[in-house]
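The sequence shown maps to residues 94 to 286 in the numbering used here. We treat Cβ as the ideally placed atom computed from N, Cα and C, and that holds for glycine. Quick caveat, the model's predicted, so the values are computed rather than measured. Okay, so here's the structure we're looking at.
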Amino acid sequence: MLTKNKSDLNKDGLLDIVILIEEIGLKNQHETNATNLKSSERHLLVAFKRPDGSYKWAAKNTSIIPPKDDPKRPCLLDPFGENSGISTENSLIKIHLQQFYSCGAWEIYDFDYIFRYQNQKFELIGYNESSLHRSTGEEISTTVNFSTAKMTRTTGSNAFKKGAKPKTVWQNIKPKQRLELNSIKEEDLRAFD
């Protein structure tokens, strides 16, 4: 288990649970070399506590949190590494991930996904993305509020220069559908880049 949080997510007065587990397996079942044990699948699980003390599954996702060793992105450090995590407060599930490439890219990206239990499922109500260019210091951030259908994009910030004058642009968005925890994938939000 990588992390475990308890919070009242469905507002019934009982402490529900959010856990992230990692399943380690072979990259190829035909290969038995120990070096092939690097691939992993991460399972984000949410369960509601019942009055009798048992739990009922509420959500499961195996694609929003990338594996530690992604063969498609070999230079990517663990997105759920030391600067990332899952928190549960105010009946929300917040997932923070970071993309830091040790080769082939200059940017560091931070992502926040915010889910709330509504309409009998965990719906994505907020998304934040920020980037920092390690060479120039340029910073860009995007915030999407799916509840209000608004998005902001801020450019012109610089981590290395004082006096930068950031510019923020607001716009309305029309999401095609409400994204939910059970089915959301990492790439579902690239339309807002």
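Using beta-carbon positions only, say whether residue i and residue j come within less than 8 Å of one another.
i, j, result
"D163", "H189", "no"
"Q191", "I201", "yes"
"P160", "S177", "no"
"E273", "F215", "yes"
"I112", "K97", "yes"
"K278", "S156", "yes"
What residues in its chain sit with their C-beta under 6 Å from that of residue i, if we drop five residues either side in the sequence?
i, result
"T128", "Because the pLDDT of T128 is 45, which lies under 50, any placement of that residue in the model is unreliable, and the question is left without a value."
"Q264", "M244"
"I207", "L185, K187, I218, G219"
"D171", "K161"
"D271", "Contrary to the premise, residue 271 reads as Arg rather than Asp in this sequence. Correct list, in chain order: E216."
Distance cutoff 8 Å, beta carbons only. Does residue i sit that close to anything in chain B?
i, result
"Q191", "No chain B is present in this structure, which holds just one protein chain."
Closest by CA to residue i, which one among the options?
i, options, result
"E182", "T247, K99, R227, G219", "K99"
"F173", "C196, K165, R135", "R135"
"T241", "K149, Y220, N176, T247", "Y220"
"F193", "P167, I186, Y210", "P167"
"S224", "R246, Y210, Q211", "R246"
"P259", "I117, T235, R271", "T235"
"I266", "R209, L282, A152, W199", "L282"
"N238", "R209, R227, G249, T248", "R209"
"A152", "Q211, K165, D171", "Q211"
"C196", "L169, I179, E222, D203", "L169"
"R143", "S276, K104, A198", "K104"
Among residues of its own chain, excluding the 5 on either side of residue i, which ones have a beta-carbon nearer than 8 Å to its beta-carbon?
i, result
"I114", "M94, L95, R135, H136, L138"
"D101", "L107, L108, D109, S184"
Inset, instruction - Report yes or no: do the region 218-237 and the region 250-266 share at least 3 C-beta pairs separated by less than 8 Å? - result: Contact holds between the region 218-237 and the region 250-266, because three or more Cβ pairs, one in each stretch, are under 8 Å apart.
Legend entry - Uninterrupted beta strand (DSSP E) stretches inside the region 236-273 (no shorter than 3 residues): As far as the region 236-273 is concerned, its whole beta strand (DSSP E) runs of at least 3 residues are 243-251, 260-265.
Inset, instruction - Output the residue ranges of the beta strand (DSSP E) runs that lie fully inside the region 150-184 and measure 3 residues or longer, sorted by chain position. - result: The region 150-184 contains, as complete beta strand (DSSP E) runs of 3+ residues, the segments 178-182 (chain order).
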